[in-house]
Amino acid sequence: MALLLWLGSQLSTCWNNISTLGIFLTVFTLLLDFMMRRKKWSHYPPGPTSLPFIGTMLHINFRSPHLSLNQLHKKFGHVFHLQNCWTNLVVLNGYKTVKEALVHRSEDFADRPYFPMYEHIGYGSKSEGIVFARYGHMWKELRKFTLSTLRNFGMGKKSLEERVIEEAGFLCSAVSSEEGRPFDPRFLVNNAVCNVICTTIYGERFDYGDKTFKELLHSFENSLRDETGFLPQLLNVVPFLLRIPGVPQKVFQGQKKFMDYIDVFVHKHMENWNPAYTRDFTDAFLKEMEKGKVAEESGFNYKNLRMVTADLFMAGFETTSTTLRWAFLYMLLHPEIQSKVQAEIDKVIGRERSPTTEDRVNMPYTNAVIHEVQRYGDIIPLGVPHMAYRDVDFQGFFIPKGTTVITNLSSVLKDEAVWKKPNQFYPENFLDVNGQFVKQEAFMPFSAGRRICLGEQLARMELFIFFTALLQKFTFVLPENQPMPRQDAYFAITCAPYPYQLRAVPR
Ligand code: HEM
Ligand SMILES: *[C@@H]1O[C@H](CO)[C@@H](O)[C@H](O)[C@H]1NC(C)=O
């Protein structure tokens with residue numbers, strides 16, 4: 000009996016201890032959480048109330064982040080804050096605000112947050128690539144090298160342009176072999192755009208319909224899907240979850256597979272590399288790596304070769320092909336605009352000669368249409384996250400160093416204070432009364448400032464040449480007896496049109 004009593008009292012003190020410990024731990028964690036979420040600064044931008052642990056994440060629909068938060072902008076104004084778990088974010092809205100940050104205060108906002116979710120594919124402090132590189136020496140050196148290498152390969156000059164023109168020819172033949180039947184233009188357009196970036200970086204192209212290409216594309220699309228949604232974002236802001244064995248591999252399968260393809264390209268180069276002869280971007284990078292320790296410190300190392308070329312591939316491929324797919328969809332939906340473009344092509348280029356970028360200045364209407372495709376298509380609505388490089392006083396608010404800064408490009412491209420018709424596909428947004436092209440400062444699909452898209456020249460060249468080459472040879476029409484294509488976008492890093500079918504009728 001005594002023994003039982005003793006046991007009972009032991010158990011109850013033990014239980015008491017556990018519950019005391021439990022209460023203590025709960026209070027401690029809540030306190031810690033409170034400290035982590037507390038904003039210690041006066042004049043910090045306003046924002047919604049933040050909840051324990053998750054912050055303001057409930058306000059965001061991670062499947063279509065560009066659509067959520069509309070009310071917040073209205074409620075709190077052009078500069079407001081959010082909180083993903085313990086990460087502070089500030090959102091900038093509207094042409095004036097975004098321009099001030101990106102252009103006038105360019106260095107203050109030139110940094111990038113660190114993305115732990117890419118570590119498992121080789122992203123690290125000495126191998127950050129370019130897109131997600133912290134602002135500093137390595138980013139500067141790599142950006143300079145990349146721009147000048149692409150330029151020597153003809154970015155803005157003849158040789159790369161000739162390659163684009165040649166690829167446009169292959170694309171036209173592939174479209175022609177559909178013989179006016181309904182088809183989804185996605186595969187052919189993807190193939191053409193991929194070939195441009197692939198020849199430039201790795202010196203390889205894929206024939207239309209190639210099996211390896213289809214697999215590569217599939218892994219690429221999966222990798223984009225991997226990065227969309229609540230879970231990946233959570234892993235990014237609570238990186239210790241990534242330390243759980245198997246988690247990154249499981250969540251980011253597509254990414255891993257995509258990197259395997261990149262590795263095949265890179266290995267092939269290393270095997271038959273000849274320093275005397277530079278075939279492509281990868282060769283130029285290998286040559287730089289030979290320069291020893293200083294180069295290594297500037298980011299020219301093997302790990303980073305993988306990351307930089309994968310970055311260029313990722314950044315240069317999906318964006319351009321998505322924009323072209325919007326372009327053809329808008330032509331289907333606005334046949335009268337399509338006819339006007341074709342009339343201008345006939346007048347300036349004719350039916351035979353291939354279009355070149357020199358034709359652009361003589362084709363204000365076509366130029367305006369392409370700009371309007373990029374404005375209205377709005378494919379990267381929230382841009383790429385920036386980070387405050389130092390403590391910043393901005394429009395009366397205090398934004399501390401290290402705050403993630405979201406530049407809402409969509410709010411610039413659709414700013415009601417700037418555009419004649421912000422919420423319509425309306426090429427006249429870029430034309431004056433005489434039909435001349437008008438440059439608009441709020442045209443920021445490539446962002447602005449120090450981090451402005453590095454591939455803008457190449458992208459604009461591709462958009463112009465592919466678009467005019469196809470409309471020179473074909474008229475795009477909706478197939479009969481098919482539902483109207485959807486005009487809203489689906490979000491997977493970029494905002495893309497839903498798959499649709501068209502008929503390309505030879506002219
Ligand atoms: C229509 C096509 C394209 C669009 C709309 C686009 C848009 C963008 C945007 C919005 C950014 C983020 C800028 C910022 O951080 O504020 C960006 C960055 C970047 N883009 Fe593009 N892009 C396109 C095509 C390309 C192409 C073809 C390439 C490759 C040659 C490329 C390479 C890059 C790189 C490397 C960055 C990172 C720049 C840095 O962080 O310093 N992009 N792009
Ligand atoms: C970005 O701008 C668009 C268009 O003005 C708006 O609908 C959206 O809610 C904004 N997003 C954020 C995060 O403020």
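First residue of the sequence shown? That's 0 in numbering that gives the first Met the number 0, and the numbers climb one at a time after it.
For each residue, glycine too, the CB sits at the ideal point set by N, CA and C.
Bear in mind the structure is a predicted one, so any value in this text is a computation, not a measurement.
Exposure of residue i, with buried meaning 16 or more beta-carbon neighbours within 10 Å
i: A109; result: buried
i: F312; result: buried
i: F465; result: buried
i: K156; result: Model confidence at K156 stands at a pLDDT of 49, short of 50, so the residue's coordinates are unreliable and nothing is read from them.
i: P505; result: exposed
i: G128; result: buried
i: I369; result: buried
i: G123; result: exposed
i: M258; result: buried
i: G245; result: exposed
i: I451; result: exposed
i: K438; result: exposed
i: F33; result: exposed
i: D262; result: exposed
i: H103; result: exposed
i: Y94; result: buried
i: H217; result: exposed
i: I378; result: buried
i: R352; result: exposed
Contact test: residue i Cβ vs ligand 1 heavy atom, cutoff 6 angstroms
i: I369; result: no
i: T318; result: yes
i: A458; result: yes
i: G454; result: yes
i: T402; result: no
i: G298; result: no
i: L311; result: yes
i: V383; result: yes
i: A314; result: yes
i: R450; result: yes
i: T322; result: yes
i: I129; result: yes
i: I379; result: yes
Expected contact under 8 angstroms - CB spacing of residue i and residue j to nearest Å
i: V78; j: F393; result: 7 angstroms
i: F424; j: E371; result: 6 angstroms
i: V130; j: A283; result: Rounded, the Cβ-Cβ distance is 19 angstroms, inconsistent with contact.
i: P426; j: A491; result: In fact, because the Cβ distance is near 28 angstroms, the residues do not count as touching under 8 angstroms.
i: P482; j: R502; result: Rounded, the Cβ-Cβ distance is 15 angstroms, inconsistent with contact.
i: Y388; j: D107; result: 6 angstroms
i: T322; j: L462; result: 6 angstroms
i: A132; j: T318; result: Actually they do not touch by this definition, with Cβ atoms about 18 angstroms apart.
Residue i: CB within 6 angstroms of a non-hydrogen atom of ligand 2
i: K413; result: yes
i: V78; result: no
i: S446; result: no
i: V90; result: yes
i: S409; result: yes
i: H217; result: no
i: H266; result: no
i: H136; result: no
i: T72; result: Checking the sequence shown, residue 72 turns out to be His, not Thr. Yes; taking the cut-off as 6 angstroms, the Cβ of H72 has a heavy atom of ligand 2 nearer than that.
| message | Check whether the segment 138-154 and the segment 267-276 touch, using three or more Cβ-Cβ pairs below 8 angstroms as the test. | response | no
| beta strand (DSSP E) segments (min. 3 residues) lying fully within the segment 391-447 | 391-393, 396-398, 403-406
| field | Contact the segment 288-303 vs the segment 346-361: 3+ CB pairs below 8 angstroms | value | no
| said: Which complete beta strand (DSSP E) runs does the segment 358-394 hold, if anything under 3 residues is left out? | reply: 391-393
| said: I want to know whether the segment 250-258 touches the segment 207-223 - three or more CB-CB distances under 8 angstroms. | reply: yes
| message | At 4 residues or longer, what runs of the alpha helix (DSSP H) sit wholly inside the segment 275-312? | response | 280-288, 292-296
| message | Threshold first: 4 residues or longer. Then list the alpha helix (DSSP H) segments lying entirely within the segment 175-213, N to C. | response | Within the segment 175-213, the runs of alpha helix (DSSP H) that reach at least 4 residues and sit entirely inside it are, in chain order, 185-201.
| field | Validate contact between the segment 402-409 and the segment 374-386 using beta carbons, cut 8 angstroms, 3 pairs | value | Under the 8 angstroms Cβ criterion, the segment 402-409 counts as touching the segment 374-386, having at least three qualifying pairs.
| How do the segment 166-174 and the segment 185-204 stand: do at least 3 beta-carbon pairs fall below 8 angstroms, yes or no? | yes
| field | Uninterrupted alpha helix (DSSP H) stretches inside the segment 314-361 (no shorter than 4 residues) | value | 334-347
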